[in-house]
Amino acid sequence: MTPPERFSNLPDYAFPRLRKLLSDLPSGPDPVIMTIGEPRHGIPDFAAPIIAATMDQLGKYPPNEGTPQALAAISGWLERRHGLIAAPEEITLLNGTREGLFNAALALCPERKNGAAPRILVPNPFYQVYAVAAAAVGAEPVFVNATAETGHLPDFASLPAEVLDSAAICYLCSPANPQGAVAGHDYLEQLVLLAERHDFLIFADECYSEIWRDEPPPGALVVARALGLGHRVVMFNSLSKRSNLPGLRSGFAAGAREHIARMRTLRSYAGAPVPLPHQRVTEAAWADEDHVAANRALYQEKYAIADRVLGNVPGYVPPQGGFFLWLPVEDGEAAARTLWTRAGVQVLPGAYLSRDTGAGNPGAGYVRVALVGPAAETEDALTRIRDTLYQEG
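Using the UniProt record's numbering, you'd call the opening residue of the sequence shown number 1 and step up by one each time.
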């Protein structure tokens, strides 16, 4: 018995590819790892005491959709942050947004659309789970390049009408991983209207939404509801980046009741509930903004460092949100090898986050740099990057 052919074309995950790329190379002095988007600012002070005080609740099965208190905390945050009024039935807790972004496709993607296999629209570069979700449901992924010419956001409206008509789902990440571009209100409004015109859903991955430079990014669900089209959007967010709690594995999805009901039904059979002690931390984290503001200020300090160190690099674009730099280079793999051996800085080739669509790989001329370390370490590493890649010769 052989596995489904639709999984045979999936590329290796980015980090095994990076290990192979650098496996024959010694590192430069004082190595700094800037590849993984794992927050390093420290967890909120309240998290450990809550877990310690609720450890006995590991002896109970947790509610799959979230405790009433967790759903109420998320609902309260949605109202404060976005002005959204969401009933508990319009929210479901997730074991991290990766699980939700994948399982939402299983729950909500039709087997056929207009008599044929559906398509799923994927920004390019992209978070790898989007493509895996498309493969899992037997949909054809359509990779839509997000380049400097498009403001590092995918131009979905440029797709042919027949492609849009066959689309069932469109993934969008804002602030974008890896480019740090933010989808503004006008962009989101046009995308929602496009989804209504061609009858597809938008899965809005907003897990970086609380890390921003100047102003909070708008939410896709807010824009859709203002148009009377809230049923077109399912939004996803988590505590991983907002609260520096990636190991908590706590996220949520919010959207129309019928969509959330189908996601809850699937999760009741195939989902992994968030343990009760983690749900208690979830309740506290969504109710508190002080730790979020302090966390954001640390990233804003590093935005300023990046601007100061790299601002004169041709093609440098200051990120508007998230915690990655998308730095232009001649060749991402060659740049990653050079930086590792000469500067001791490990970065991720952009081509590992994107797909060749026939006109080249839009990530091939970039490297992704994660600004997750302390400010002093970040400044030192970015200076090494600048001096190694942009000032030699």
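Idealized CB from N, CA, C, for every residue including glycine. All of these numbers come straight from a predicted model, not from anything done at the bench.
Contacts around residue i, its chain only, beta-carbon distance under 7 Å, and the 5 residues preceding and following it disregarded
{"i": "His-259", "result": "Leu-108, Val-234"}
{"i": "Ala-381", "result": "Val-32, Met-34, Val-345"}
{"i": "Leu-153", "result": "Ala-146, Ala-176, Ala-181, Ala-183, Tyr-187"}
{"i": "Tyr-127", "result": "Cys-173, Asn-177, Asp-205"}
Cβ-based burial, residue i [other Cβ within 10 Å; buried from 16]
{"i": "Lys-241", "result": "buried"}
{"i": "Met-55", "result": "exposed"}
{"i": "Asp-186", "result": "exposed"}
{"i": "Ile-211", "result": "buried"}
{"i": "Ile-169", "result": "buried"}
{"i": "Arg-249", "result": "buried"}
{"i": "Thr-282", "result": "buried"}
{"i": "Asn-177", "result": "buried"}
{"i": "Gly-59", "result": "exposed"}
{"i": "Asp-205", "result": "buried"}
{"i": "Phe-15", "result": "exposed"}
{"i": "Ala-285", "result": "buried"}
{"i": "Gln-279", "result": "buried"}
{"i": "Met-1", "result": "The predicted model places Met-1 with a pLDDT of 48, which falls under 50 and marks its position as unreliable; any figure quoted below should be read in that light. Exposed."}
{"i": "Ile-202", "result": "buried"}
{"i": "Gln-179", "result": "buried"}
{"i": "Gly-358", "result": "exposed"}
{"i": "Arg-355", "result": "buried"}
Boundaries of the alpha helix (DSSP H) in which residue i is found, first to last residue
{"i": "Glu-140", "result": "Per DSSP, Glu-140 belongs to no alpha helix (DSSP H); it is in the beta strand (DSSP E), 140-145."}
{"i": "Arg-296", "result": "290-310"}
{"i": "Arg-242", "result": "239-242"}
{"i": "Phe-15", "result": "14-22"}
{"i": "Val-317", "result": "Unbroken run through Val-317: none, as it is neither H nor E."}
{"i": "Arg-280", "result": "276-287"}
{"i": "Pro-163", "result": "Looking at the sequence shown, residue 163 is not Pro but Val. Taken as a continuous stretch (DSSP letters only), the alpha helix (DSSP H) holding Val-163 covers 161-166."}
{"i": "Ala-370", "result": "Looking at the DSSP string, Ala-370 is not in any alpha helix (DSSP H); the run it does join, the beta strand (DSSP E), is 366-370."}
{"i": "Met-34", "result": "First-last for Met-34: undefined, no H or E at that position."}
{"i": "Met-263", "result": "257-270"}
{"i": "Leu-248", "result": "Neither: Leu-248 is in no alpha helix (DSSP H) and is coded neither H nor E."}
For residue i, the first and last residue of its enclosing beta strand (DSSP E)
{"i": "Pro-328", "result": "324-328"}
{"i": "Ile-251", "result": "It should be noted that the sequence gives Gly, not Ile, for residue 251. 251-254 is the span of the beta strand (DSSP E), which, as asked, contains Gly-251."}
Contact set for residue i: own chain, Cβ-Cβ below 8 Å, skip 5 residues either direction
{"i": "Gly-393", "result": "Any reading at Gly-393 is ruled out, since the residue's pLDDT is 40, under 50, leaving its predicted position unreliable."}
{"i": "Ile-43", "result": "Ser-243, Asn-244, Leu-245"}
Close Cβ partners of residue i (< 6 Å) along its chain, the five nearest in sequence each way excluded
{"i": "Arg-384", "result": "Ala-343, Val-345"}
{"i": "His-231", "result": "Ala-256"}
{"i": "Ile-74", "result": "Ile-91, Phe-252, Trp-286"}
{"i": "Phe-195", "result": "Note on identity: in this sequence residue 195 is Ala, with Phe being the wrong assignment. Cβ within range, chain order: Ile-202, Arg-232."}
{"i": "Tyr-316", "result": "Leu-310"}
Review point. What are the uninterrupted segments assigned as alpha helix (DSSP H) that are 4 or more residues long and contained completely in the segment 175-221, given in chain order?
Key: Here the runs fully enclosed are 185-198.
Exercise for review: Write down every uninterrupted run of the beta strand (DSSP E) in the segment 76-137 whose length is 3 residues or greater and which is fully enclosed by it, in chain order.
Suggested key: Counting only runs that start and end inside the segment 76-137, the beta strand (DSSP E) elements of at least 3 residues fall at 91-94, 119-124.
Practice item. Could you tell me whether the segment 88-96 touches the segment 54-71, using the rule of 3 or more Cβ pairs below 8 Å? Key: Touching, per the Cβ criterion.
Point to revise | Given 8 Å, three or more beta-carbon pairs between the segment 288-298 and the segment 216-224 | key: No: fewer than three Cβ pairs fall under 8 Å.
Point to revise | Three-pair Cβ contact test at 8 Å for the segment 113-129 versus the segment 155-173 | key: Yes: at least three Cβ pairs fall under 8 Å.
Review point. Touching or not, the segment 136-143 and the segment 308-323, by the rule of three or more beta carbon pairs under 8 Å?
Key: With fewer than three CB-CB distances shorter than 8 Å, the segment 136-143 does not count as touching the segment 308-323.
**Study point:** At least three beta-carbon pairs within less than 8 Å, the segment 17-24 to the segment 313-323
**Key:** Between the segment 17-24 and the segment 313-323, the count of Cβ pairs shorter than 8 Å is below three; the stretches do not touch.
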